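Numbering of the sequence shown is given in this note's numbering, commencing with residue 351 and proceeding in unit increments.
Shown next, in structure tokens, is the structure this report addresses.
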Amino acid sequence: MQLDILAFGAHPDDVEIGIGGTLIKHAAMGYKCGIVDLTAGEMGSNGTPEIRRKEALKAAEIMGMEVRDCLGLPDARLKVDEDSLRVVIEVIRKYQPKVVIGPYFKDRHPDHLRASQLVQEAAHLAGLWRYPADGEPHRPPVMAQFFLALDDEPTVIVDISDHYEKKMGALCAHESQFGMSEDTDWKTLVNDPAFMRMIQSRDQYVGAKIQVMYGEGIYLSEPMEQEDLMSLRGRLPKLVMERVKKDVK
């Protein structure tokens with residue numbers, strides 16, 4: 351199966367936090383989207399790999415994803431080595447995605463930093479015919495990154511306002527991480543009720559940059575081709591841009 355968009359996260363809930371709304375939106379538009387979790391999140395304070403896998407699959411179903419794979423690389427010990435590169439290259443070759451999205455290269459979490467480098471290198475090496483990995487060589491035409499911490503200005507912002515309720519539903523599917531119950535072993539940053547409010551505030555802040563309720567930022571490291579300038583909204587509100595288009599016609 352060829353995917354239009356393939357998003358990689360270090361842990362089972364990373365993609366939902368950073369770019370869940372964007373994936374939901376594109377799946378609703380008919381694009382084939384998938385998620386790859388590099389690790390099972392086995393070093394997390396709460397939940398087991400089995401529980402987290404069930405939660406990840408539930409979240410993927412809510413989001414309308416075609417696939418959700420877990421590569422089983424070591425949590426808290428991610429490395430950019432030949433073995434790790436090979437398994438990431440093979441999953442890129444398997445799904446032949448048009449767009450690959452990985453974590454941003456600046457973050458406080460070491461796994462997120464290494465995941466960013468790992469995905470970036472694998473996306474390039476996957477296109478080399480002589481690279482020793484299974485699958486038909488394929489270099490994704492677009493390589494992008496999503497933010498888990500707002501360390502930089504995004505180059506693209508996606509309006510996810512109409513899909514925000516579903517994003518929150520996908521996050522809540524990770525109950526062992528974001529829920530607080532009698533079965534919770536440890537109180538953490540992410541199962542504090544304030545964490546969800548922080549995510550919502552961040553998405554509102556990003557959305558406000560393009561005059562919408564909720565947005566998600568994407569970073570592109572190189573210029574992208576744009577054939578039609580009128581499809582660029584910039585900071586103009588939607589209503590104003592629609593009027594501009596009508597005047598042009």
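Built from N, CA and C at the ideal position, the CB exists for glycine as well.
Source: prediction; values computed, not measured.
Confirm the yes/no value for this check: CB of residue i, any heavy atom of the ligand ATP, distance under 6 angstroms.
i      : result
Asp461 : With respect to small molecules bound, the structure shown includes none, and the ligand ATP cannot be examined in it.
Spatial neighbours of residue i within its chain, please: C-beta separation below 8 angstroms, excluding the five flanking residues on both sides.
i      : result
Val437 : Leu421, Leu423
Ile507 : Val556, Gly557, Lys559, Ile560, Gly565, Glu566, Gly567, Ile568
Leu407 : Arg418
Leu589 : Unreliable positioning characterises Leu589 in this predicted model, as indicated by a pLDDT of 48, which lies under 50. The coordinate reading is nonetheless provided below. Contacts found: none.
Met574 : Val492
His459 : Ala360, Leu498
Does residue i come out as helix, strand or coil in the three-state DSSP assignment?
i      : result
Gly529 : coil
Pro447 : coil
Val492 : strand
Ile568 : strand
Ile560 : coil
Ala357 : strand
Leu498 : coil
Gly485 : coil
Val508 : strand
Asp425 : coil
Gly519 : helix
Leu478 : coil
Asp461 : helix
Arg453 : In the sequence as displayed, the identity of residue 453 is Pro instead of Arg. Correct three-state label for Pro453: strand.
Gly380 : coil
Asp578 : coil
Val437 : helix
Asp364 : helix
Val469 : helix
Glu553 : The amino acid at residue 553 is misidentified as Glu; the sequence shows Asp. Three-state DSSP puts Asp553 in a helix.
Assuming residue i and residue j are in contact, meaning their beta carbons sit under 8 angstroms apart, how far apart are those beta carbons, in whole angstroms?
i      : j      : result
Ser511 : Tyr564 : 5 angstroms
Gly485 : Arg443 : 3 angstroms
Asp354 : Lys375 : Asp354 to Lys375, Cβ: 12 angstroms. No contact.
Ala523 : Ala426 : Not quite, the Cβ-Cβ distance comes to about 23 angstroms (not below 8 angstroms), so this is no contact.
Leu428 : Ala465 : 6 angstroms
Ser571 : Glu405 : Incorrect: roughly 32 angstroms between the Cβ atoms, too far for contact.
Asp419 : Val386 : 5 angstroms
In its own chain, which residues sit with a C-beta less than 7 angstroms from the C-beta of residue i, not counting the 5 before and 5 after it?
i      : result
Leu478 : Pro487
Ile439 : Ala472, Leu475, Ala476, Tyr481, Ala483
Val416 : The question names Val, but residue 416 is Glu in the sequence shown. Same-chain partners within the cutoff: Met351, Leu353, Lys382, Cys383, Gly384.
Val598 : Note that Val598 scores a pLDDT of 49, beneath 50, so its modelled location is shaky and nothing firm can be said.
Ala377 : Cys383, Met413, Gly414, Met415
Ala360 : Leu388, Thr389, Leu428, Pro453, Asp461, His462, Ala465
Ala544 : none
Leu627 : This structure cannot speak to residue 627, because the chain is shown only from 351 to 599.
Val562 : Asp509, Ser511
Met548 : none
Gln550 : none
Grab me the residues of residue i's own chain with a C-beta within less than 6 angstroms of its C-beta, minus the 5 sequence neighbours each way, in chain order.
i      : result
Leu356 : Gly384, Tyr445, Pro447, Val450
Asp457 : Leu463, Leu498, Ala499
Gln495 : Gly452, Tyr454, Tyr569
Val634 : An answer regarding residue 634 cannot be provided, because it is not within the stretch 351 to 599 covered by the chain.
Pro490 : Pro447, Val450, Ala473
Phe358 : Val386, Gly452, Val469
Given 8 angstroms, three or more beta-carbon pairs between the stretch 448 to 463 and the stretch 357 to 375: Yes: at least three Cβ pairs fall under 8 angstroms.
task: Report the residue ranges of all alpha helix (DSSP H) runs contained in full by the stretch 390 to 422; include only those spanning at least 4 residues, in chain order.
output: Counting only runs of 4 or more residues that sit fully inside the stretch 390 to 422, the alpha helix (DSSP H) segments are 399 to 413, in chain order.
query: Is the stretch 504 to 518 close to the stretch 395 to 402, with three or more CB pairs under 8 angstroms?
result: Taking a cut-off of 8 angstroms on C-beta distances, the stretch 504 to 518 does not touch the stretch 395 to 402, as fewer than three cross pairs fall below it.
message: So, does the stretch 463 to 474 touch the stretch 501 to 510, judging by three or more C-beta pairs under 8 angstroms?
response: No: fewer than three Cβ pairs fall under 8 angstroms.
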